[in-house]
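Residue numbers (the UniProt record's numbering): 1 to 309.
Positions of the beta carbon are idealized from the N, C-alpha and C atoms, including for glycine.
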């Protein structure tokens with residue numbers, strides 16, 4: 001089987017396919033619907049997980065479109081790639097009612113037929129190859145096959161927002177193979193698995209780096225080069241409005257020992273105060289009596305003193 005391929009250097013990574021199932025004219029309703037649809041994808045700021053499936057118009061001029069960004073892209077880079085790809089696909093497939101294009105890190109696809117949830121195994125040429133041939137082709141292929149099978153199963157187990165997997169495996173001669181597999185998330189688990197399996201059949205024998213663009217999935221691996229972003233996608237932003245302040249934690253309840261100690265201190269303080277008041281009262285009473293007796297004595301002596309008689 002003939003397989004177009006190209007060795008990676010400093011070139012743009014792109015692959016596209018223009019279908020011959022039908023054409024449209026520049027001023028047709030189909031072209032107007034297509035322009036509206038591609039503009040909606042390029043300008044959309046609501047979707048932040050990198051997958052778009054939109055439709056525009058009514059039959060027979062209805063257009064269906066899918067757009068996909070690689071899962072390790074930031075939202076900003078995804079939207080920038082889609083803005084570029086929605087323009088490029090019209091230049092590379094002018095007047096075709098059905099087309100698909102991969103542009104390094106994102107894909108755009110549109111058709112006048114239903115494409116949502118429908119697997120398309122067509123691999124877009126060329127298959128991109130880089131790096132040297134493995135010195136131990138048999139051992140390298142065995143390790144690569146194990147990695148691709150593991151990642152294929154993990155990607156297929158994704159949800160309706162993401163179906164992708166990344167990982168690595170040790171190969172021969174101290175080499176490490178890094179892999180990245182992804183499907184359009186509208187596919188079922190079975191269809192995603194099958195699409196990636198078909199793509200893996202196009203992997204060149206012993207190649208230590210390959211990138212394969214399929215209409216419904218993507219496969220890439222490299223050796224000794226961690227090319228993908230290992231960070232998980234950021235969580236969705238919180239809803240508008242400030243979050244309520246968390247309730248203050250109640251003070252911890254006192255322990256039994258502390259309670260008893262507090263009660264004893266209070267009782268002792270009260271008793272001490274009462275005793276102090278009583279003592280002061282007695283002292284005052286005694287002083288008053290002493291002063292009175294002294295005054296009476298002095299008064300008696302004053303009257304008995306001959307100097308005053």
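Exposed or buried, which one is residue 98 when buried takes at least 16 other CB atoms within 10 Å? Sequence index remark: in the chain shown, residue 98 carries index 98 (1-based). When all chains shown are included, residue 98 counts as buried.
Suppose the cutoff is 6 Å on Cβ atoms and the five residues either side in sequence are ignored; what does the same chain contact list for residue 121 look like? Within the chain shown, residue 121 is the residue found at index 121, counting from 1. Listed in chain order, the non-local C-beta contacts of residue 121 below 6 Å within the same chain comprise 195 and 198, local neighbours out to five positions each way being set aside.
Please classify residue 184: is it buried, with 16 or more other beta-carbons within 10 angstroms of its beta-carbon, or exposed? On the chain shown, residue 184 is found 184 positions in, with the first residue counted as 1. Here residue 184 is buried. Its C-beta has 16 or more other C-beta atoms within 10 Å.
To which residues of the same chain is residue 178 closer than 6 Å at the C-beta, ignoring the five residues directly before and after it? Walking along the chain shown from the start, residue 178 turns up at place 178. Its chain contains 168, 222 and 226 as the residues whose beta carbon lies nearer than 6 Å to that of residue 178, once the 5 sequence neighbours on both sides are disregarded; these appear in chain order.
Neighbourhood of residue 228 by C-beta distance below 6 Å, restricted to the same chain and skipping five residues each side: Taking the chain shown and counting its residues from 1, one reaches residue 228 at position 228. The residues are 72, 166 and 180.
Report the option in 170, 216, 189 and 161 whose CA atom is closest to the CA atom of residue 49. For the purposes of this step, residue 49 is identified with residue 49 of the chain shown, where counting begins at 1. Out of 170, 216, 189 and 161, 161 has the C-alpha closest to the C-alpha of residue 49.
Bridge partners of residue 55, per DSSP? Position 55 of the chain shown, counting from 1, holds the residue named residue 55. In the DSSP output, where bridge partners are listed per residue, residue 55 has 64.
Among the residues of its own chain, which have a CB less than 6 Å from the CB of residue 68, if the five just before and after it don't count? As a position in the chain shown, residue 68 is number 68, starting the count at 1. Correct list, in chain order: 51, 107 and 184.
For residue 109, does the count of other Cβ atoms within 10 angstroms reach 16, so buried, or fall short, so exposed? Numbered from its first residue, the chain shown carries residue 109 at position 109. Around the beta carbon of residue 109, a 10 Å sphere encloses 16 or more other beta carbons of the protein chains shown; the residue is thus reported as buried.
Which listed residue (210, 129 and 17) has its alpha carbon closest to that of residue 89: Start at 1 with the first residue of the chain shown, and residue 89 comes out as number 89. Just measuring C-alpha positions, the residue of 210, 129 and 17 sitting nearest residue 89 is 17.
Tell me whether residue 82 sits in a helix, a strand or coil according to DSSP, three-state version. Taking the chain shown and counting its residues from 1, one reaches residue 82 at position 82. In the three-state reduction of the DSSP assignment, residue 82 falls in the helix class, which pools H, G and I.
Indicate the three-state DSSP secondary structure (helix, strand or coil) for residue 142 in the structure shown. In the chain shown, counting from the first residue as 1, residue 142 sits at position 142. In the structure shown, residue 142 falls within a helical segment according to DSSP collapsed to helix, strand and coil.
For my contact list, residue 214 and residue 105 are in at a C-beta cut-off of 8 Å; report their separation, rounded to the angstrom. Taking the first residue of the chain shown as position 1, residue 214 is located at position 214. Taking the first residue of the chain shown as position 1, residue 105 is located at position 105. The beta carbons of residue 214 and residue 105 sit about 15 Å from each other, so the pair does not count as a contact at 8 Å.
On the criterion of 16 or more Cβ atoms from any shown chain inside 10 Å, does residue 39 qualify as buried, or is it exposed? Within the chain shown, residue 39 is the residue found at index 39, counting from 1. When all chains shown are included, residue 39 counts as exposed.
In three-state terms, what does DSSP make of residue 48? By 1-based counting over the chain shown, the position of residue 48 is 48. Three-state result, residue 48: coil.
For residue 111, tell me which candidate among 220, 20, 218 and 219 has the shortest Cα-Cα distance. On the chain shown, position 111 is the one that residue 111 refers to. Looking at the Cα atoms, 20 is the closest of the given residues.
Residue range of the alpha helix (DSSP H) that includes residue 198: Numbered from its first residue, the chain shown carries residue 198 at position 198. Taken as a continuous stretch (DSSP letters only), the alpha helix (DSSP H) holding residue 198 covers 189-200.
Using DSSP's beta-bridge definition, name the partner residues of residue 17. Position 17 of the chain shown, counted from the first residue, corresponds to residue 17. Answer is 100, bridged to residue 17.
Residue 223 - DSSP class collapsed to helix/strand/coil: Numbered from its first residue, the chain shown carries residue 223 at position 223. Residue 223 falls in the strand class under three-state DSSP.
Quick one: is residue 157 buried, meaning 16 or more other Cβ sit within 10 Å of its Cβ, or exposed? As a position in the chain shown, residue 157 is number 157, starting the count at 1. By the beta-carbon neighbour count (other beta carbons within 10 angstroms, threshold 16), residue 157 is exposed.
Identify every run of the beta strand (DSSP E) within the region 111-174, keeping only runs that are complete inside it and at least 3 residues long; order them along the chain. The region 111-174 contains these whole beta strand (DSSP E) runs: 123-129 and 164-170.
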